[in-house]
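Following my numbering, the numbering of the sequence shown begins with 323 at its first residue and continues without gaps.
Just so it is clear, CB atoms sit at the ideal spot from N, CA and C, and this is done for glycine as well.
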Amino acid sequence: MSDHRRYTVPATGLALAAAMTLSGCVAGEGSAATDGGDSGWSTDAVAVDFATYNPLSLVIREQGWLEEELDGVEVTWVQSDGSNTANENLRAEAIDFGSTAGSAALLARANGSPIRTVDIYSQPEWSAIVVAGDSEITDVADLEGASIAATKGTDPYFFLLQTLDEAGIALDDVEVQNLQHADGRAALDNGSVDAWAGLDPIMAAAEAESGDTLIYRNIDFNTYGFLNAREEFVDEHPDVTQVVVDAYERARAWALEHPEELSALLADVAAIDPEVAATVIEERTVLDLDPVPGAEQRAVLEVVGPIFVDSNDVASQDAVDIALDELFAPEFAQEAVASDE
């Protein structure tokens, strides 16, 4: 394994940004990071996230493909606990590539975060509405007046908004507690909330370990897995961006050929039972898809966009529309696919 490989798990994006600045690892800081030094690449450093909700990132990190390909480039791995933390770290320039749901990517871009989606890593059914096994809530209609845990800025939060909208329940008619995903599960299990907008693999573990129940599932309310990059990094370092996207397509092929190994890897990183990990990978995650961001993803986001405006998460529909026009950078995934043919 290359000596350039490092692992960093931040408490917050800003804390990580400060730590990386002190260690000289923020892209753009100093001449080595901007001109590539003697490495032959356009930069000497790249920071990439990994997340249990992005199984391809786990494969790339485990296999060391970026370190192998990017000789002379320091590769830093940073864990994202959710789309919101990935977006925070992208905004803080603490990472160059971050894993989010499509809804979270659109939200960030519509609110001024300069990111581009360079690859689609999955079509997951990673969100659902979860209640305790002995809960009196058995249907979405029962959520009116309930206290619900959700991580704002992530797909489970927007899953919740879409679920309430479909059921004719106003957001003001529920109490949303903004908790990180793992804390949402804990709040549900200790009775602090009535329901939780869950995220796999934590959600699958909650079913198996706590007997929690999914009362509403709808894969159409899940907005794909987006690999996003800082726009400045994409513009200044297209060579390294292409290597990262190529690694994602290599990981996709590996994952499709090794589902049992992928489940074992997820179980290890997420500290969950292998059977729970297998449920997430085999039953709730579609990896065999076109990785090029395009019309299918835009169609899903066009449904979610007005909900952002109605919930005051984005100032106007114009901001959503501009973000939709600017978000995708499909050329890297197109090149990765073409090179595999």
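Alpha-carbon spacing of residue i relative to residue j, whole angstroms
i: E553; j: V565; result: 16 Å
i: G404; j: G394; result: 30 Å
i: R438; j: E579; result: 29 Å
i: A528; j: D534; result: 6 Å
i: A492; j: A586; result: 41 Å
i: L588; j: I417; result: 22 Å
i: A660; j: D561; result: 16 Å
i: S361; j: E390; result: 13 Å
i: E466; j: D494; result: 9 Å
i: V515; j: T365; result: 47 Å
i: L501; j: T473; result: 5 Å
Nearest residue (CA-CA) to residue i, options the options
i: D511; options: S638, G455 and A577; result: G455
i: L428; options: Q656, F650 and L380; result: F650
i: N376; options: V462, S457, A577 and L465; result: A577
i: S444; options: R574, A519 and I451; result: R574
i: A408; options: S379, A621, E488 and A637; result: S379
i: R413; options: A551, A658 and Y546; result: A551
i: E657; options: N540, V567 and L501; result: V567
i: E624; options: D640, S532 and A508; result: D640
i: E648; options: P436, Q502, G420 and A373; result: P436
i: E531; options: T473, A599, F480 and N540; result: A599
Three-state secondary structure assigned by DSSP to residue i
i: G627; result: helix
i: Q499; result: strand
i: W363; result: coil
i: Y570; result: helix
i: L609; result: coil
i: T485; result: helix
i: S661; result: helix
i: A349; result: Only weak support is given to the placement of A349: the predicted model assigns it a pLDDT of 34, under 50, and the value that follows is read from those uncertain coordinates. Of the three classes helix, strand and coil, the one that applies to A349 here is coil, per DSSP.
i: S633; result: coil
Buried/exposed call for residue i, threshold 16 Cβ in 10 Å
i: E497; result: exposed
i: P596; result: exposed
i: P628; result: exposed
i: T460; result: exposed
i: I594; result: buried
i: A463; result: exposed
i: A617; result: exposed
i: I644; result: exposed
i: A637; result: exposed
i: A367; result: buried
Beta-ladder partner(s) of residue i, from DSSP
i: F372; result: Q401
i: D441; result: L549
i: G520; result: A450
i: G420; result: N550
i: Y538; result: I451
i: E396; result: A367
i: S469; result: E497
i: F650; result: T439
Interface flag, residue i vs chain C, CB-CB below 8 Å
i: D464; result: Of the chains in the structure shown, none is chain C; there is only one protein chain.
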